[in-house]
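What follows is one structure encoded as structure tokens, with my remarks underneath.
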Amino acid sequence: MSLSRRRFIRNVSVTGGAFVIGFQLAGCSGKPPELGQPGDFEPDAFLRINPDGQVTVQIAKAEMGQGIVTGMVTLVAEELELDPQQIHYEMAPVHSAFADPEMRLQITGGSASIRIYYDILRQVGASARETLVAAAMAQTGLPRASLIAENGMVHAVDGSVAIAYAELVPVARTLPLAADVVLKEAADFRLIGRYEQRVDALCKSDGSARFGMDVAPENCLTAVLLRCPWFDGEVVAFEATRARAMAGVVAVFATAYGVAVVAEGYWQASQAAAKVEVEFTPPASGLRDSKAIAEAMTAALDGDDFASVRNDQSGAEAGAGQRVQGRYHVPFLAHAPMEPLNATCRIGNDGCEIWVGSQAPDIARDAASRELGIPREQVVVHNQFLGGGFGRRAAADNVAEVAAIARQLQRPVKLVWSREDDIRHDWYRPAMAGQLQAEVHGDGSISHWQHRIVGPSINQQVLPEFAKSMLPQWVPGAARKLIGDVAAGKDFASVEGADELPYRFDGVSVQYHNLPVPVPLGYWRSVGHSHTAFAVESFIDELAHAAGADPVVFRRRHLPADSRQRRVLDAVAEAANWGSPAPGRFQGVAVHESFHSVVAEVVELSLGDNGTPRIEHVYCAIECGQVINPDIVRDQMEGGIVFALSAALYGEITVEKGAVQQSNYHDYPMLRHNEMPSMTVVIIDSNAAPSGVGEPGTPPAAPALGNALFAATGVRQRRLPFKLG
56 MSLSRRRFIR NVSVTGGAFV IGFQLAGCSG KPPELGQPGD FEPDAFLRIN PDGQVTVQIA
116 KAEMGQGIVT GMVTLVAEEL ELDPQQIHYE MAPVHSAFAD PEMRLQITGG SASIRIYYDI
176 LRQVGASARE TLVAAAMAQT GLPRASLIAE NGMVHAVDGS VAIAYAELVP VARTLPLAAD
236 VVLKEAADFR LIGRYEQRVD ALCKSDGSAR FGMDVAPENC LTAVLLRCPW FDGEVVAFEA
296 TRARAMAGVV AVFATAYGVA VVAEGYWQAS QAAAKVEVEF TPPASGLRDS KAIAEAMTAA
356 LDGDDFASVR NDQSGAEAGA GQRVQGRYHV PFLAHAPMEP LNATCRIGND GCEIWVGSQA
416 PDIARDAASR ELGIPREQVV VHNQFLGGGF GRRAAADNVA EVAAIARQLQ RPVKLVWSRE
476 DDIRHDWYRP AMAGQLQAEV HGDGSISHWQ HRIVGPSINQ QVLPEFAKSM LPQWVPGAAR
536 KLIGDVAAGK DFASVEGADE LPYRFDGVSV QYHNLPVPVP LGYWRSVGHS HTAFAVESFI
596 DELAHAAGAD PVVFRRRHLP ADSRQRRVLD AVAEAANWGS PAPGRFQGVA VHESFHSVVA
656 EVVELSLGDN GTPRIEHVYC AIECGQVINP DIVRDQMEGG IVFALSAALY GEITVEKGAV
716 QQSNYHDYPM LRHNEMPSMT VVIIDSNAAP SGVGEPGTPP AAPALGNALF AATGVRQRRL
776 PFKLG
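Be aware that the sequence shown starts at 56, since it is given in the working numbering, and climbs by one per residue.
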């Protein structure tokens, strides 16, 4: 694949002894970032090789446990003929050269990182390798056919010459970058699909990895923020006499985001914050209670105010079959990453520095820029490892807050959110409702599938914020279409997973009603798929039951014979020994495509003496194109399943008078160690281009669990979280 089709241009830079390779977005200008030592690095580079032989890859995506550092390093190492452990890596600075070529933002989401950079980074490694070989040709006089690159060296085939990459840098940096290189075929891969280590495992094991919470610039203060308990409230007045008198407290003052309590350490700041009394503006009226929002959703489902998302007419006469109908409801959900939000800011005469673990460092940069009223070029963002993201860390409210606090101080300050802050002031997965109906005919065929979806639009809230970080000429056509769709009452984030139904039914209708609410909304792991898969795959089971068919057989009948869904469904059914579970166990199945990958899952559970279900085992099969690191794929499937099961069993954010009622893991619990099922993950071989793995394991888990509960109890549960026992 030529990089011109990726809207990239080749760029090779020669400075100060370093050999540098990079790619720049077409249409993005400006001086590239200076990343190396003075005099030896030309910006806009994904890869540099210093005269001492150190190879460094710039990581343009956020590492939040999904293994993107290992994946990106492996892609370069494959073509550069190095062991991934020989390559250093750095989190790329904020610069247009490192922007996602699809979103035109430096953002990590949509399970897209490897899919987007698969060809780009292999091309980087291959071009570097061939240029180093060309340097060896110039140095030895040998022809290309007599030389091979291997393990950081260029060798003569006959063994007469062996030159380390470091020795070739002085010549390589004077040569034009090798063009039109041929990338390896899958059969020739040494690492891709085989490498199962992680290049960041050691630093995360010995504690040397730096997360946002670990940052501590010299003379740094710590701040906590007293935010309004309800949405959109502002500070009216506060009393802080007792807090200011406490040891270690440096300052207490109001900001646009709440009252900041600043101290020498977190314990001192948090203890002092408990002594501050704050008066906020009263809650506004409107849909500010979970009960009222649920009632509004029901009323909307009963109405006719819907935008058409898909409308394939049926050839069958309406009413000729048995009509089946079900309504499905999911609640607001928090992200609840293990590392609560935090950010550190240091303001100087020439701008400010931000240390943060962010999924969107350029959005973080622009948040600080707007808050401080300085040009974005004067804001430097140091992105750190993220202790979980799941979509929450694409927002930059923590950065705006810390910038507002730091502006009042003469010292660096780290803002730390408590767990309670994290739960109560999230950007939530929206509550959604869906109504499905279809007709089952005597021959088992299905007609008049209708799926109505009601809920608030994430994009309506989030896209305007993201757009602030896009220069007008950067806004891609896809983003313009999204904004236009939202304005027309459609929203891909609300209907994805429902609009492209894989089953071959006679007539499919999908409709959406946008119900705005004042609850802050955000992208949650798997986004719209998290609720559409639950509704669709649960209802498919209902149709199978109405047709008197086995759930797997029913799905196979209505999936195209050559479809990925059918292959993956067959794989998971075989792994789970579908239809023949151990005595006392019950199975449920679901299959769903998201982020260009197809995942099928079988949940197997048992019933205790008191009738309480216990999840015993989860079988998972995935087809995600060319796998880079099989162990990371398995990890992501397991993690996504646990994430989904936690939500399906326990996850629910409720709102009263505009205030979130949950506060910590005691009332917003996660799946505990003793509740963890064993898991089997089957990866289906494929030479297709890589597709997502960070999120696709999440959507099928809830419907598979619900279908297993139905198999065990005969009771169909259509509302999350499930009520057990």
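The beta carbon of each residue, even a glycine, is placed where N, CA and C say it ideally should be.
Every value quoted in this text rests on a predicted model; they were computed, and no experiment measured them.
Taking the alpha helix (DSSP H) that residue i belongs to, which residues open and close that run?
{"i": "Trp322", "result": "321-328"}
{"i": "Gln140", "result": "Careful: Gln140 lies outside any alpha helix (DSSP H) and carries neither H nor E."}
{"i": "Asp417", "result": "416-427"}
{"i": "Glu629", "result": "619-630"}
{"i": "Tyr173", "result": "168-195"}
{"i": "Val608", "result": "606-613"}
{"i": "Arg479", "result": "474-479"}
{"i": "Glu334", "result": "That residue, Glu334, is in no alpha helix (DSSP H); its beta strand (DSSP E) goes 332-335."}
{"i": "His390", "result": "From DSSP, His390 is part of no alpha helix (DSSP H); its letter is neither H nor E."}
Do residue j and residue i have their beta-carbon atoms positioned less than 8 angstroms apart in this structure?
{"i": "Leu388", "j": "Arg484", "result": "yes"}
{"i": "Phe286", "j": "Val333", "result": "no"}
{"i": "Thr129", "j": "Ile683", "result": "yes"}
{"i": "Ala626", "j": "Val748", "result": "no"}
{"i": "Val279", "j": "Ser325", "result": "yes"}
{"i": "Val317", "j": "Ala295", "result": "no"}
{"i": "Gln463", "j": "Phe308", "result": "yes"}
{"i": "Ser581", "j": "Pro754", "result": "yes"}
{"i": "Pro745", "j": "Gln691", "result": "no"}
{"i": "Thr163", "j": "Lys116", "result": "yes"}
{"i": "Ala616", "j": "Ala459", "result": "no"}
{"i": "Val254", "j": "Thr125", "result": "yes"}
Give the DSSP bridge partners of residue i, in chain order.
{"i": "Ala800", "result": "Because the chain is modelled from 56 through 780, residue 800 falls outside the range shown and cannot be assessed."}
{"i": "Lys469", "result": "Thr277, Thr399"}
{"i": "Thr229", "result": "Per DSSP, none; premise fails for Thr229."}
{"i": "Ile508", "result": "Gly489, Tyr567"}
{"i": "Met146", "result": "Ile114"}
{"i": "Thr310", "result": "Gly313"}
{"i": "His384", "result": "Ala488, Arg774"}
{"i": "Asp561", "result": "Ser502"}
Please report the straight-line C-alpha distance between residue i and residue j, rounded to a whole angstrom.
{"i": "Gly634", "j": "Phe560", "result": "25 angstroms"}
{"i": "Ala351", "j": "Asp481", "result": "23 angstroms"}
{"i": "Ala766", "j": "Val607", "result": "13 angstroms"}
{"i": "Ile247", "j": "Glu133", "result": "7 angstroms"}
{"i": "Phe78", "j": "Glu432", "result": "Any reading at Phe78 must be qualified, since the residue scores a pLDDT of 46, below 50, and its modelled position is unreliable; the value itself is stated next. In a straight line, the C-alpha of Phe78 is about 21 angstroms away from that of Glu432."}
{"i": "Val517", "j": "Asn665", "result": "45 angstroms"}
{"i": "Ser473", "j": "Pro395", "result": "6 angstroms"}
{"i": "Met119", "j": "Gly443", "result": "5 angstroms"}
{"i": "Tyr567", "j": "Ile595", "result": "20 angstroms"}
{"i": "Ile348", "j": "Val572", "result": "8 angstroms"}
{"i": "Ser741", "j": "Val149", "result": "34 angstroms"}
{"i": "Ser649", "j": "Ser585", "result": "10 angstroms"}
{"i": "Asp546", "j": "Ser512", "result": "6 angstroms"}
{"i": "Phe96", "j": "Val224", "result": "For Phe96, the pLDDT reaches just 27, beneath the cut-off of 50, and the residue's location in the model is therefore unreliable, leaving the point undetermined."}
{"i": "Ile739", "j": "Ala354", "result": "44 angstroms"}
{"i": "Ala191", "j": "Ala152", "result": "30 angstroms"}
{"i": "Cys679", "j": "Ser652", "result": "5 angstroms"}
{"i": "Ser369", "j": "Gly122", "result": "45 angstroms"}
{"i": "Phe777", "j": "Val435", "result": "45 angstroms"}
{"i": "Cys283", "j": "Ala590", "result": "35 angstroms"}
{"i": "Ser363", "j": "Val550", "result": "11 angstroms"}
{"i": "Thr667", "j": "Ala264", "result": "41 angstroms"}
{"i": "Leu80", "j": "Asn729", "result": "Because the pLDDT at Leu80 is just 36, under 50, the model does not fix this residue reliably, and the point stays unresolved."}
{"i": "Val69", "j": "Ala100", "result": "Since pLDDT at Val69 reaches only 36, below the 50 mark, its modelled position is unreliable, and the value read off the structure follows with that caveat. The alpha-carbon atoms of Val69 and Ala100 are separated by roughly 11 angstroms."}
{"i": "Met734", "j": "Val657", "result": "10 angstroms"}
{"i": "Gln782", "j": "Ala645", "result": "In the structure displayed, the chain extends from 56 to 780; residue 782 sits before or after that span and is not available."}
{"i": "His210", "j": "Leu135", "result": "14 angstroms"}
{"i": "Ser84", "j": "Ala154", "result": "Note that Ser84 has pLDDT 37, beneath the 50 cutoff, so the model's placement of it is unreliable and no number is given."}
Just to confirm the assignment, what range does the beta strand (DSSP E) spanning residue i have?
{"i": "Glu118", "result": "Segment: none, Glu118 is in no beta strand (DSSP E) and carries neither H nor E."}
{"i": "Arg365", "result": "362-367"}
{"i": "Ser733", "result": "733-738"}
{"i": "Pro104", "result": "The sequence given here has Ile at residue 104, not Pro. Residues 102-104."}
{"i": "Phe641", "result": "640-649"}
{"i": "Cys407", "result": "406-411"}
{"i": "Ala292", "result": "290-294"}
{"i": "His496", "result": "That residue, His496, is in no beta strand (DSSP E); it is neither H nor E in DSSP."}
{"i": "Val434", "result": "434-438"}
Review point. For the segment 659-741, which segments carrying the alpha helix (DSSP H) assignment without a break, of at least 4 residues, lie completely within its bounds, in sequence order?
Key: 685-704
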